[in-house]
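The block underneath contains the structure these notes are about, expressed in structure tokens.
Number of protein chains: 4
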Amino acid sequence: MNRKIKAAIIGATGYTGREAIIYLLRHRGVELKRLFALDYLDRPISEAFPILTGMTDLRCQELDLELVKDECDAAFLCLPHTVAMEVAGKLVGSKTRVIDLSADFRFSDVKVYNRVYGVKHEYPKLLEQAVYGIPELNREQVKGCNLLANPGCYPTSVILPLYPLLREKLIAVEGIIIDAKSGVSGAGRKVAEALIFAEVNESLKAYSPGKHRHQPEIEEQLGQASGGEVRVTFVPHLIPMTRGMLSTIYCRPQTGIGENQVRKALNDYYEKEFFVQALAEGTLPRTADVAGTNFCHIGFAMAGEGLVICSAIDNLGKGASGQAVQNFNVMFGFDEKEGLV
Amino acid sequence: MNRKIKAAIIGATGYTGREAIIYLLRHRGVELKRLFALDYLDRPISEAFPILTGMTDLRCQELDLELVKDECDAAFLCLPHTVAMEVAGKLVGSKTRVIDLSADFRFSDVKVYNRVYGVKHEYPKLLEQAVYGIPELNREQVKGCNLLANPGCYPTSVILPLYPLLREKLIAVEGIIIDAKSGVSGAGRKVAEALIFAEVNESLKAYSPGKHRHQPEIEEQLGQASGGEVRVTFVPHLIPMTRGMLSTIYCRPQTGIGENQVRKALNDYYEKEFFVQALAEGTLPRTADVAGTNFCHIGFAMAGEGLVICSAIDNLGKGASGQAVQNFNVMFGFDEKEGLV
Amino acid sequence: MNRKIKAAIIGATGYTGREAIIYLLRHRGVELKRLFALDYLDRPISEAFPILTGMTDLRCQELDLELVKDECDAAFLCLPHTVAMEVAGKLVGSKTRVIDLSADFRFSDVKVYNRVYGVKHEYPKLLEQAVYGIPELNREQVKGCNLLANPGCYPTSVILPLYPLLREKLIAVEGIIIDAKSGVSGAGRKVAEALIFAEVNESLKAYSPGKHRHQPEIEEQLGQASGGEVRVTFVPHLIPMTRGMLSTIYCRPQTGIGENQVRKALNDYYEKEFFVQALAEGTLPRTADVAGTNFCHIGFAMAGEGLVICSAIDNLGKGASGQAVQNFNVMFGFDEKEGLV
Amino acid sequence: MNRKIKAAIIGATGYTGREAIIYLLRHRGVELKRLFALDYLDRPISEAFPILTGMTDLRCQELDLELVKDECDAAFLCLPHTVAMEVAGKLVGSKTRVIDLSADFRFSDVKVYNRVYGVKHEYPKLLEQAVYGIPELNREQVKGCNLLANPGCYPTSVILPLYPLLREKLIAVEGIIIDAKSGVSGAGRKVAEALIFAEVNESLKAYSPGKHRHQPEIEEQLGQASGGEVRVTFVPHLIPMTRGMLSTIYCRPQTGIGENQVRKALNDYYEKEFFVQALAEGTLPRTADVAGTNFCHIGFAMAGEGLVICSAIDNLGKGASGQAVQNFNVMFGFDEKEGLV
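Chains as they are written, first to last, in the numbering used here: chain A, 1 to 341; chain B, 1 to 341; chain C, 1 to 341; chain D, 1 to 341.
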């Protein structure tokens, strides 16, 4: 790698922005060129994130898309849903390849997007062009893409274990139940009463049962895995911890299918993958063991006639910025681990 | 109430012992007479639990069953499973009525107990005599009993919402999935590597999927509610908080049954109950809102064609010592709330 | 007690309001009559605080001072500083006695108040009339007062241990250093980025060193104890826990003064007090042991030639609403513990 | 760097062992050759620390010092105090250079060690040979040494800010007070009742005031800085968080010394250092901003006539294994940051 890839982060002062910065500063093939934000303008990013003190002198600046197109080979969009689409829309077609961490390009069907996010998509054509990127499942498509739709955190934790099982017809497509648990950073750096420490600490609750926006995203991807329609029951929970996500998935094996076939399928798909680890028999994952990493740990057990799968990721790692950098590495021909370990 | 009821706590230096002490010191009809333990002998209980400083001068002493029988109208057994049975066995028949917080008398079938707890029950006859006590569901039986089997924490959180629905045939008995989450005090004051702060904090995991000892306890009670056999999938999780328990329950309503019928059933059973609260429509419980109390908060929602129920208790309150004191209040004719609010 | 005392809480939807509600609902001599707030208008207070579900049907209403004067014997002001003064100013002189949890009447010198809180006090005359109430130190004054200035949380934790030592001339007035640590609920239910879970959890920091508004409050009270001017170094810290406050105080004993004299002084002042506990020799307090209570636990040790004192309270209990209710009990002739245990 | 340095970790299954493994696996100039432990024998280290799943196949083995001498250029001793000395004693003199994370070689005076640790040092001669290694302060000595005494966590957090101030005579040597706060991982992976989650969470306490073993270590090093005897008051506290350490230091500037001189001294010593960051004026450090890193963040403020300094490190990073690897990098001629960012 002679020339370094020049990268910009747009939306640098949220948590996914912070993680992307950390990974890219560590990355030996990247020159992190520009940080765009609405706040901390002209101030060092280390004021927004003191953990970056001494790591970089980069400052935040107002978004300037011409500058991005001129200077940068890659742009990471760490923007809210519905805001990202316009930025992406204006960048795609230039030499700058876009990695969008929002939901704006995750659906193939614009009607689903419009319904789920309650807005009218302004760049529906780009939905076809965008690649939903989980490198372990569609590395080749990721390689060539110019608009990468980085998956949601919950969907990543669910799709990784279920994709092989649905693709190989090992489990029923009906009756899949996902009881998901997320640390609080999953809500971003949003300032809301429900997220202040005294409300979250020493507490636990479910929210948006059957109504979370990640449910249709999960259903679309699992549908593609199974080759048909999949409907799931998805109930997320807020956990009093900063980082980490655990999805406990309940499903029914097809007749004659047991632990061995499940294990074999996971091994077949992931044995050679670095970031997805099927744990040893009898072992269930803990979120602490993937915190701060890009790993996904998967464990499972039979419970009665059902199959229980537990999948742990860091919601900001494999669930967001880590996977974004992994996708970037695939897109630009780097070792997938670069910047991530 | 003229004469105060004299009470002893056997196993006073664990967390359920501590909570029982706090409730009984507050109880206007009780004289807390004796605290028995294996440790802190001859030392004030406030050394074991400094939160009791200034509240009582009671000291721990070695168990003396004759003393209990002579002096005490009631004995709370805050002992490990398999240890409680012998103490209960020796007390039953005396004037001392026993409230056992262990699992030793929770099953009606001794074979189930022996299998689940891996020992041979020494007092199988007493299983018939014991009353599994959830006052909201079997107050009359509790009243007259001399050996009260206080339910497990997970079972309490599950039985309270499901009992009315199964009894009224509103949901299918098959396919019930319980994804339960417990704070760490549920493991007691046990000293184990898996329970030290640095292992539990900022982490999350499932454990014993389909194999937890509370599963058969749940199944027996739900079976009695439905009038037939019930098998559930039960997966408990360890949450980085001290107190609190949330059970997220997935089940299928019978044809034609919707939110209204579910709400009506919960209201019919619990409207007049103080400690069980069916929350307003659209509201799901948070464990913080029942922490330190004897309340159970129940909320639910339809998710697709399924029903999702969330039930929150304090694992040491309604899940253990709180319910024990509530049962005691029923047994001895006190207001059920006495000592508990 | 025949007639119940009628009480109002003004500012019911913050954390000190919530705690006051809980204590007063439990109080056998109080009828909690009115809850005033700016939000949750006409809605049950249990919507603001689901922990109150089933405990009360009271609703929030807009402040109506005439109603308060007509109906209520006592008003608890759980309002922000600078807002409380006007409400108090309008109530004092009516039959309604005021317990103000804000700082608005804590200083005797209006110039100090104006400087510290950056506003001009509108009722400077009332400062003379107001009583700074720590029942253990000035019970008689509290009894007769109509305007009770309830102390700050940090000051309470500091004054309780230092008052006897300064009064008895056991320690030097110079060089007192207070390293104070507070749980996050001390900041109230305020919604701010610095208070969201992901910023506070797994973190620790000092703030406002030498500049916190509680420092002059501490200095005035310690000055009164010592009979001269006292200047302290006060550095508060934010701790990743919801409730609890620990002040570690460093001071120098006068020549010839050692542990025994310190212990004797604490005993002389507090031996007969229920809520202030000087711990056994060699024992230092933990905040968990006073959480949810109105207790103050005090421990100390000699370290080299200095004296180190640790004082633990619940910032919302003895540090705010608990002490307010204790003061109320003194004012209205109740047992001081009523509602508080 | 052609040949990789071969390294062993002795005591691999504790928290400092885990961190050292993580750093050394990431290190491009190191081949991590052997992991020695008393437990997990013949089992992959990823069973002890699932966070290492997929990162290494190394297994734990019984200590074999001949193997270490034969194979390894460097040995990291992550052993308890009093155990490390014997291992070090047997390795020193071979080609294997020793980095000892215990306290066994931190004191220059064996009598102090024997008194503080309550044992008789078996290799007192080696105390002279050992180098107490804080690279920012004595890089040259570290370079050449064969036995590196890696500083304690509390001492590191205290010495870094105070060394320049004492050396430059900016503050009084008398009356230094250190109120230190540590996350729970500072106690290691020790299994003790006082460290279980339900005891530590939502609590806070001081321990060993004036008696902690790190106090004499601090005093020896500060004495060397000042060129005379230094006595400090040192009170550590246990904080409900996993990682992180904050020392709040109270001291008196010499006459005429103010913020500017303090700032200049810190800049003079640390401006060119990567891992020690004097924060911008008015900024105090948060432990979260150094968590998982080898950084030390230092902030300060005048409070009255005193100086308050806050110093934050990760107790397992700059406070233990991070600094050990930094010292290793100096000893073996690597870039100091290698493996650490």
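Just so it is clear, CB atoms sit at the ideal spot from N, CA and C, and this is done for glycine as well.
Measuring C-alpha to C-alpha distances from Ala206 (chain B) to each of A:Pro155, A:Ala130, A:Arg286, A:Arg139 identifies A:Arg286 as the nearest. Contact fails between the region 67–75 of chain A and the region 41–54 of chain A, because fewer than three Cβ pairs, one in each stretch, are under 8 angstroms apart.
Excluding the 5 residues flanking it on each side, Ala324 (chain C) has same chain C-beta neighbours closer than 7 angstroms at Ala20, Phe76, Ile99, Leu101, Asn150, in chain order. What Val262 (chain C) touches in chain D, judged by beta-carbon distance under 7 angstroms, is nothing: the nearest beta carbon there is about 14 angstroms away. Unbroken alpha helix (DSSP H) runs of no fewer than 4 residues, entirely contained in the region 143–217 of chain A, are found at 153–167, 197–200, following chain order. Lys181 (chain B) has its alpha-carbon roughly 26 angstroms from the corresponding atom of Met55 (chain C).
Under the three-state reduction of DSSP, Gln323 (chain B) is assigned to helix.
Per DSSP, Ala288 (chain B) lies in no alpha helix (DSSP H) segment and is marked neither H nor E.
Using a CB distance below 7 angstroms, the part of the region 194–205 of chain B facing chain D consists of Leu195, Ile196, Phe197, Ala198, Val200, Asn201, Glu202, ordered along the chain.
Non-local beta-carbon contacts of Ala301 (chain D) in its own chain, meaning distances under 6 angstroms to residues more than five positions away in sequence, involve Val308 in chain order.
The C-alpha of Gln261 (chain A) is placed about 39 angstroms away from the C-alpha of Glu259 (chain B). Counted as a single uninterrupted DSSP element, the alpha helix (DSSP H) harbouring Gln129 (chain B) occupies residues 124–129.
In the three-state reduction of the DSSP assignment, Asp100 (chain A) falls in the strand class.
The beta carbon of Leu79 (chain D) sits closer than 7 angstroms to those of Ile10, Gly11, Val87, Ser102, all from its chain and outside the five residues before and after it, given in chain order.
At a cut-off of 8 angstroms between C-beta atoms, Ala88 (chain B) does not count as an interface residue with respect to chain A.
According to the DSSP assignment, Val262 (chain B) belongs to the alpha helix (DSSP H) that extends over 259–270.
Going by beta carbons, Ala225 (chain C) and Tyr132 (chain C) fall outside the 8 angstroms limit.
The C-beta distance from Ser203 (chain C) to Ala192 (chain D) rounds to 25 angstroms, too long to meet the 8 angstroms contact threshold. Using a Cβ-Cβ cut-off of 8 angstroms, Gln323 (chain D) does not count as an interface residue toward chain A, since no Cβ of chain A sits closer than that to its own. When the beta-carbon positions are compared, Leu284 (chain C) and Gly299 (chain C) come within less than 8 angstroms of each other.
When DSSP states are grouped into helix, strand and coil, Pro135 (chain D) belongs to the helix group.
In the assembly as shown, Thr255 (chain D) is an exposed residue. Its beta-carbon has fewer than 16 other beta-carbons within 10 Å. Three or more beta-carbon pairs separated by less than 8 angstroms are not found between the region 19–38 of chain C and the region 319–338 of chain B, which leaves the two stretches without contact.
Not a single CB atom of chain A sits nearer than 8 angstroms to the CB of Thr96 (chain B). Put simply, the backbone Cα of Glu31 (chain A) is about 9 angstroms away from that of Arg3 (chain A).
The alpha-carbon separation between Asn327 (chain A) and Lys120 (chain A) amounts to approximately 27 angstroms. For Gly54 (chain A), the nearest beta carbon of chain D is closer than 8 angstroms to its own beta carbon. Per the DSSP secondary-structure output, Val330 (chain D) pairs with nothing in a beta bridge. Less than 8 angstroms separates the beta-carbon of Asn294 (chain D) from that of Lys318 (chain D). With the criterion set as a beta carbon lying under 9 angstroms from some beta carbon of chain B, the members of the region 167–195 of chain A are Gly175, Ile177, Asp179, Lys181, Gly183, in sequence order.
The beta-carbon distance between Val330 (chain A) and Lys143 (chain A), rounded to whole angstroms, is 6 angstroms. This is short enough to meet the 8 angstroms contact definition. Taking a 10 Å sphere around the C-beta of Ala8 (chain A), we find 16 or more other C-beta atoms and assign the residue as buried. With its beta carbon at least 8 angstroms from every one in chain C, Thr293 (chain A) lies outside the interface. By the rule that beta-carbons nearer than 8 angstroms mark a contact, Pro285 (chain D) touches chain C. For Gly306 (chain C), the enclosing beta strand (DSSP E) begins and ends at 306–313. Residue D:Lys33 holds the alpha-carbon nearest to the alpha-carbon of Arg59 (chain D) among D:Ala84, D:Asp73, D:Lys33.
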